[in-house]
DNA sequence: ATGTCC
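Numbering (this note's numbering), first residue to last: -10 to 464.
Encoded structure:
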């Protein structure tokens, strides 16, 4: 078993041993540390620390749990000159991410019947669950190349959103460098899921802004206590999944040619500057842009559903985009005066006030970073601080699983599930289909969020409480 | 996460 050494409040060290090139650091509160059972995730951090060109420290966030190659809740920086790029370091669901919309609708105005009507109107428009196709099939057929190369920008040009949405999306809704020529035919054929939600932890939820911790910043973010909020969590669906699968195979096969000794197939990687590395980056950008476009189209559908059910205009409803963050992505960024490729896997970028990569609208506050809890617990809006420099301005992306999907299905009873969901509405007819997503399968979101805010890496801005949740059904 | 194993 790997030992963690406490090196500060909520901060633990996994010291460099064996062929690790750098240390690893894990952020855990005392309670999260006591309950910590993620030996495999620590192995994965150690593995990442052995890769060529890895820089600084490999980081585990408080929501860390084992994943494919790099753990979920993992951050790995590599030097552009001599470092590697890893498809598994980004993850299967490229640019899985979450966006938050604010409204000017007082939540206490809505009774359960009305909330249900809203959820039904949203569900009528957005296919959910694994393997579901899109109602915007025309976009896939006629504009796919431009959408994956130009992301949300292309959709805004076509009228699927507001001009001002773009500033409120990480990378302004388009990661530069996408080239569909780097994407396999098989991946392209799976791109027909544009404008679908998917399954697993993906959701659309209606919530209420329950607590404000910082009035000034909340106002800039458009978050007012007691108003209805909408959160959309989805990614690049089968398209991104296929890109990761394709390039993991390529990287496993070519890594030896570059003298790379792979500790784990899931961490398959090649030099950033290699032909295969550059190709993967181009393809990954397509997956990133697909996911931005996916969330943009879902936003378009949600706004339409709201107009229909309320019979009011956007002007009266708000429905403004607060922000859209990526959870699974690799990006070229400058930290410590060095050009690095930051792999964030189940981790969120959180820039502090004044950082030049903030959008103009949020330059003086830092952009909102959105942290969803589980289907039955709160979510948070936070900002990064200057102290987040030590994590390459990265924070956790959610609560983190504490039970595997299988264990959750086996161990949680119907009564336990229903009591955890209390008076929260959910769309699923059969609770068994979402039992693996039960609140009990996740860590305590308050504890996880506090782990970073207590040591000043984040500042909490607002807390959101779910009222109604739309989930895709697994099997 | 995922046409959850071509």
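By construction, the Cβ of each residue, glycine as well, lies at the ideal position given by its N, Cα and C atoms.
Which residue from 51, 317, 404, 214 puts its Cα closest to that of residue 279? To locate residue 279, count along the first chain from 1; it is residue 290. Of 51, 317, 404, 214, the residue nearest in Cα terms is 317.
Measuring alpha carbon to alpha carbon, tell me which residue in 21, 86, 58, 64 is nearest residue 358. In the first chain, residue 358 corresponds to position 369, counting from 1. The shortest C-alpha separation from residue 358 is found at 86.
In the DSSP assignment, the beta strand (DSSP E) including residue 94 goes from what residue to what residue? Taking the first residue of the first chain as position 1, residue 94 is located at position 105. Per DSSP, residue 94 belongs to the beta strand (DSSP E) from 86 to 95.
Output the distance between the C-alpha atoms of residue 93 and residue 314, rounded to the nearest integer angstrom. Stepping through the first chain from its first residue, residue 93 is reached at position 104. Stepping through the first chain from its first residue, residue 314 is reached at position 325. Approximately 22 Å, taken between the alpha carbons.
Report, in whole angstroms, the separation of the C-beta atoms of residue 82 and residue 224, which I expect to be a contact under 8 Å. Within the first chain, the letter at position 93 stands for residue 82. Within the first chain, the letter at position 235 stands for residue 224. Contact holds; Cβ gap of about 4 Å.
Look up residue 124 in the DSSP assignment and say whether it is helix, strand or coil. The residue labelled residue 124 in the question sits at position 135 within the first chain. Of the three classes helix, strand and coil, the one that applies to residue 124 here is coil, per DSSP.
Given a cut-off of 8 Å on the beta-carbon distance, is the pair residue 321 and residue 306 in contact? Along the first chain, read from residue 1 onward, the residue named residue 321 stands at position 332. Along the first chain, read from residue 1 onward, the residue named residue 306 stands at position 317. Not in contact: residue 321 and residue 306 (Cβ atoms no closer than 8 Å).
Can you check which of these residues, 355, 351, 332, 331, is closest to residue 340 by C-alpha distance? The residue you call residue 340 lines up with position 351 of the first chain. It is 355.
Pick from 118, 119, 117, 143: whose alpha carbon is nearest that of residue 129? Working through the first chain from its first residue, we reach residue 129 at position 140. Measuring from the Cα of residue 129, the nearest candidate turns out to be 143.
Helix, strand or coil at residue 262 according to DSSP, with G and I counted as helix: Your numbering for residue 262 matches position 273 in the first chain. Looking at residue 262 - three-state DSSP - the assignment turns out to be coil, as it is neither helix nor strand.
Is it buried or exposed, residue 65, if we count other Cβ atoms within 10 angstroms and call 16 or more buried? Sequence index remark: in the first chain, residue 65 carries index 76 (1-based). That one is buried.
Answer with buried or exposed for residue 218, where buried requires no fewer than 16 other C-beta atoms within 10 angstroms of its C-beta. As a first step, residue 218 is located in the first chain; it is residue number 229 there, counting from the start. Buried: at least 16 other Cβ atoms inside 10 Å.
Simplified DSSP state of residue 428, which is helix, strand or coil: As a first step, residue 428 must be located in the first chain, where it is residue number 439. Three-state result, residue 428: helix.
Could you tell me which of 208, 272, 243 sits nearest to residue 258, measuring between CA atoms? Taking the first chain and counting its residues from 1, one reaches residue 258 at position 269. Out of 208, 272, 243, 243 has the C-alpha closest to the C-alpha of residue 258.
Determine the burial state of residue 432: buried for a count of at least 16 other Cβ atoms within 10 Å of its Cβ, exposed for fewer. Against the first chain, residue 432 aligns to sequence position 443. Residue 432 comes out buried.
Can you grab the Cα-Cα spacing for the pair residue 210 / residue 160, in whole Å? Here residue 210 refers to the residue found at position 221 of the first chain. Here residue 160 refers to the residue found at position 171 of the first chain. Those two C-alpha atoms are separated by around 18 Å.
Assess contact between the stretch 376 to 390 and the stretch 433 to 453, defined as three or more Cβ pairs (one per stretch) separated by less than 8 Å. Is contact present? yes
Comparing alpha-carbon positions, which option in 445, 275, 407 lies nearest residue 429? For the purposes of this step, residue 429 is identified with residue 440 of the first chain, where counting begins at 1. Minimum Cα distance to residue 429 is reached at 407.
Using a Cβ-Cβ cut-off of 6 Å (strictly less than) and excluding sequence neighbours within five positions of residue 254, which residues of its own chain qualify? Here residue 254 refers to the residue found at position 265 when the first chain is read from its first residue. For residue 254, where only same-chain residues beyond five positions count, the Cβ hits under 6 Å are 241.
How many whole angstroms separate the CB atoms of residue 437 and residue 389, which I take to be in contact at a CB cut-off of 8 Å? Locating residue 437 in the first chain gives position 448, where the first residue counts as 1. Locating residue 389 in the first chain gives position 400, where the first residue counts as 1. The pair is a contact, with the Cβ atoms about 6 Å apart (cut-off 8 Å).
Per DSSP, which one or two residues make a beta bridge with residue 16? Along the first chain, read from residue 1 onward, the residue named residue 16 stands at position 27. Paired residues: 0.
Should the stretch 96 to 110 be regarded as contacting the stretch 55 to 74, the criterion being three or more beta carbon pairs within less than 8 Å? no
Taking 8 Å as the cut-off, does the stretch 334 to 351 touch the stretch 369 to 376 (at least 3 CB pairs, one atom from each stretch)? yes
Cβ neighbours of residue 256 in the same chain (closer than 6 Å, five flanking residues each side left out): Stepping through the first chain from its first residue, residue 256 is reached at position 267. Here the set comprises 36, 58, 75, 77.
Residue 90 to residue 220, Cα distance in whole Å? Position 101 of the first chain, counting from 1, holds the residue named residue 90. Position 231 of the first chain, counting from 1, holds the residue named residue 220. Looking at the two C-alpha atoms, the distance is approximately 6 Å.
Quick check on DSSP: helix, strand or coil for residue 314? As a position in the first chain, residue 314 is number 325, starting the count at 1. Residue 314 falls in the strand class under three-state DSSP.
DSSP state of residue 309, grouped into three classes? Start at 1 with the first residue of the first chain, and residue 309 comes out as number 320. It is a strand residue.
Under the three-state DSSP convention, the category residue 162 falls into: Locating residue 162 in the first chain gives position 173, counting from the first residue. In this structure, residue 162 counts as helix in the three-state DSSP scheme.
Would you list the residues sitting across from residue 385 in a DSSP beta bridge? Along the first chain, read from residue 1 onward, the residue named residue 385 stands at position 396. Its beta-bridge partners are 336.
So, does the stretch 324 to 336 touch the stretch 395 to 412, judging by three or more C-beta pairs under 8 Å? no
Rounding to the nearest angstrom, what Cα-Cα distance links residue 393 and residue 230 in this structure? For the purposes of this step, residue 393 is taken as the residue at position 404 of the first chain. For the purposes of this step, residue 230 is taken as the residue at position 241 of the first chain. Cα-Cα distance, rounded: 20 Å.
Is residue 3 near residue 11, with beta carbons less than 8 Å apart? What you label residue 3 is simply residue 14 of the first chain in a count that begins at 1. What you label residue 11 is simply residue 22 of the first chain in a count that begins at 1. For residue 3 and residue 11, no; Cβs fall outside 8 Å.
Is it buried or exposed, residue 261, if we count other Cβ atoms within 10 angstroms and call 16 or more buried? The count along the first chain starts at 1 and reaches residue 261 at position 272. Residue 261 is buried by the Cβ-count criterion.
First and last residue of the uninterrupted alpha helix (DSSP H) at residue 406: The count along the first chain starts at 1 and reaches residue 406 at position 417. Counting along the chain, the alpha helix (DSSP H) containing residue 406 begins and ends at 403 to 410.
What distance in whole Å lies between the Cβ atoms of residue 114 and residue 290, which are believed to be in contact at a cut-off of 8 Å? Counting from one through the first chain, the residue named residue 290 turns up at place 301. Counting from one through the first chain, the residue named residue 114 turns up at place 125. The pair is a contact, with the Cβ atoms about 4 Å apart (cut-off 8 Å).
Counterpart residues of residue 360 in DSSP-defined beta bridges: The sequence position of residue 360 within the first chain is 371, counting from 1. Its beta-bridge partners are 369.
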